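Numbering (mature numbering (1 follows the signal peptide of the UniProt record, and there is no 0)), first residue to last: -23 to -1, 1 to 887. These notes concern the structure reproduced below.
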């Protein structure tokens, strides 16, 4: 064989190694997806006054260090530190570089470049045995970092100074603090403590000089705390915060100076430089949803009228938690200030004293805990067409009785609206996208791809987000409501009681939380399209709800009720008008409660209820031996298309599709196996344990997905030091017990369980299955990786029936223990997502397409097509070419017909 032939064969063999992949083209980036990056609730801030491009350096409670553009509020750079207490930021200072101290011992000291956030240095500071991390304070002065350790047992403070760049220890000494109290703060170069008898004690960490101030008259024996005050000047200021007010105290020339009057506890206070060595105190407070700002000179208490201003927005502001300001003197001697505010609903506001809000960041979106994708209403034209055939709407619409005249007028009105829309479209005045605001009309599209994302955050703030653009359509802060705690996580009960498909009734959602000042439950019902309350809106229930259930039937207004179980065992229906309807369906209503701490599960039925009273009767009780750490049921939107699986011998293996099956996870510590993970599959109607499995030396993170007849779960194996995925698949066998409906009472046979384990060479933060309207499309598993990618795994890779060795089965790929991580399967390509908390999937109007919303520290929205877009034309479909071909064929057909007629006529005359 010649060398040329060998070369050709090698090239062909190399090309055959490539497979066809369905990737994202460069011009498709951002077309069907968007990403928003957040930083979380503000903790520290410094306004930059030296750089050419002004920035705001911030550190947050989400362990994030970042720089924001002072002009737009966009992220210039962001560094996400370690998760949990290990990355908790204790101190931040910005001068020639940003310096942060994080951790709970050992502490990690880092330096960041001001312009790009690159790391300059990093070193550790370890704690001694007598140095609890909660008693350690930090401060910075002239290139030295001071560590102040409060030793309460000895009533002394140990002060250690370090070279901030190298970490080398420069000095260490102790100072006595008589009347020691744990209420201490490091303010500038001073250590300040508030004693129990109302005396303010201070010591300079540089030269150990003492000074004090008696504030017992202001505190009046109240339980007060020391609060930090942000300052863009060299003057250290602190606040003594009591129940209703706070006293401002400045430290100047090693002495305390208290201001003549107190300020409200909810007011934001900041200090900035003024002329001739004086300083300005800028006060910001929220009154009736409007932020009012005023200021005065600290040394003279003289008010500064130039600072007085007020800010308002379309959404009312909440109370202010922290503030920072930077003021300058203009040529006309007027004072101009820039103010950074952080509110209790986690919003960050940057404004100017010219009554102008520069920008606002909704940082509550970094703490979403529950999400629903809600269908949008139809357009006015389509609504008019639907009302045309609804006689009940005649008196409302046109004020005439229903009948021939009413039907004629409704038909005429709807057709005039259609004509108007057509004319506006022709003259390009009816475009749905506005050129200035780029806002899209909130109207349902014909493929169901345009929806509204309704998000509930841990701080009690609700958002309506357009899923196509990511813009916030509306927001609502429920200041009186807070979330419940379940398995050490904030949770709320969030239900869609009625969608927007039932004209003329508006869509309605239901949120169950609890009152902040008591243990009493609260309910908020609202329209998810505009966020406006419905009925009573936010109100107390008068009892503590321990379980809630969205009912499976609707009333004559297409509204699903919510069943509530209180702490005393009483049942309540919301709204109360559906109590009689619930009594009619009582025999088909089952629910259960789970106590995560004790591991107790109890099942109830309403079968013994009457029209006068609803009664929850206990049916079963299961006491698990360990703490419950997870519980997962099937999605109520899920549809199972195929009831069985065709085998190689053409027989059918029927799926065990039990809608009442719930997966319960427990964890326990074992002296031999360290950590034990148990998974129970429980029928919550009958209370029977269908299947259980135990994994030894399995630790967090643990995630579980439950869909159709299979369960997929992940855990970290301590033994093998890797992430493993377990897959379970349940079958009834080759005979189906009931072809029409599943019955938990009539089914006694245990299902056949197929199981298999796989290795995933990556850490997992979240997991969710895709879902479509009819369930025809193949199932894929979306996995949030700790590297920031979202991996799409086809179910065939996790199929427990993947054959081993030489065994082969039709349609099933051979078993391999390690799952691949192809780059083309990362659905967010290079859009890294930090701290993914959960993945939410929802069906669209297209069977091929699943809508995906991923939330955590960042938000990401996209859509996936597990079986490809078999019901949609491709984006690059050439409409012009196909139109030209069709027109050409039509013309050719007509011309051919005419020629044939002429030929036939000529032949007839011969």
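Beta carbons are placed, not taken as given, at the ideal position from N, Cα and C, and that holds for glycine. Note that the structure is predicted; figures quoted are calculated from it, not measured.
By how many angstroms is the C-alpha of residue j removed from the C-alpha of residue i?
i           : j           : result
residue 23  : residue 291 : 28 Å
residue 183 : residue 104 : 21 Å
residue 771 : residue 827 : 14 Å
residue 768 : residue 57  : 21 Å
residue 579 : residue 570 : 5 Å
residue 324 : residue 742 : 26 Å
residue 720 : residue 602 : 28 Å
residue 120 : residue 763 : 36 Å
residue 431 : residue 352 : 11 Å
residue 346 : residue 360 : 34 Å
residue 483 : residue 506 : 9 Å
residue 607 : residue 643 : 7 Å
residue 716 : residue 775 : 27 Å
residue 628 : residue 793 : 26 Å
residue 116 : residue 223 : 23 Å
residue 425 : residue 394 : 23 Å
residue 492 : residue 436 : 13 Å
residue 780 : residue 655 : 26 Å
residue 201 : residue 243 : 14 Å
Is it buried or exposed for residue i, if we count other Cβ within 10 angstroms and need 16 for buried?
i           : result
residue 722 : exposed
residue 354 : buried
residue 830 : buried
residue 76  : buried
residue 519 : exposed
residue 78  : buried
residue 454 : buried
residue 496 : exposed
residue 421 : buried
residue 376 : In this prediction, residue 376 scores a pLDDT of 49, lower than 50, which makes its location untrustworthy; no coordinate-derived value is stated.
residue 728 : buried
residue 427 : buried
In the DSSP output, which residue or residues are listed as bridge partners for residue i?
i           : result
residue 170 : 161, 178
residue 731 : 706
residue 543 : 522
residue 470 : 489
residue 844 : DSSP output for residue 844 lists no bridge partner at all.
residue 683 : 688
residue 812 : DSSP, once it has assigned bridges, lists no residue as partnering residue 812.
residue 889 : No answer is possible for residue 889: the residues shown for the chain start at -23 and end at 887.
residue 569 : 580
Give every residue of the same chain whose Cβ lies closer than 7 Å to the Cβ of residue i, excluding the five residues on either side of it in the sequence, and list them in chain order.
i           : result
residue 212 : 227, 229, 248, 256
residue 835 : 12, 13, 14, 15, 810, 811
residue 489 : 469, 470, 498, 500, 522, 525
residue 146 : 137, 139
residue 872 : none
residue 751 : 616, 618, 824
With a threshold of 8 Å on Cβ separation, who are the neighbours of residue i within its own chain once the five nearest residues in sequence on each side are excluded?
i           : result
residue 886 : none
residue 205 : 162, 164, 215, 216
residue 279 : 273
residue 846 : 823, 825, 826
Looking only at its chain, what residues have a beta carbon closer than 6 Å to the beta carbon of residue i, apart from the 5 residues adjacent to it on each side?
i           : result
residue 326 : 318, 337
residue 63  : 80
residue 474 : 485, 487, 536, 537
residue 190 : 177, 233
residue 679 : 692
residue 598 : 579
residue 657 : 641, 666, 669
residue 534 : 482
residue 307 : 313
residue 556 : 550
What I want to know is whether the C-beta of residue i ends up closer than 7 Å to one or more non-hydrogen atoms of the ligand GDP.
i           : result
residue 678 : As for the ligand GDP, it is missing from this structure, which has no ligand bound.
Inter-stretch contact (C-beta, 8 Å, three-pair minimum) for the stretch 6 to 19 and the stretch 798 to 818: yes
Contact between the stretch 725 to 737 and the stretch 693 to 706 (3+ Cβ pairs under 8 Å): yes
Three-pair Cβ contact test at 8 Å for the stretch 522 to 542 versus the stretch 554 to 568: yes
Cβ pair count under 8 Å reaching 3, the stretch 584 to 593 against the stretch 640 to 658: no
The stretch 602 to 612 / the stretch 630 to 645 touching (three or more Cβ pairs under 8 Å): yes
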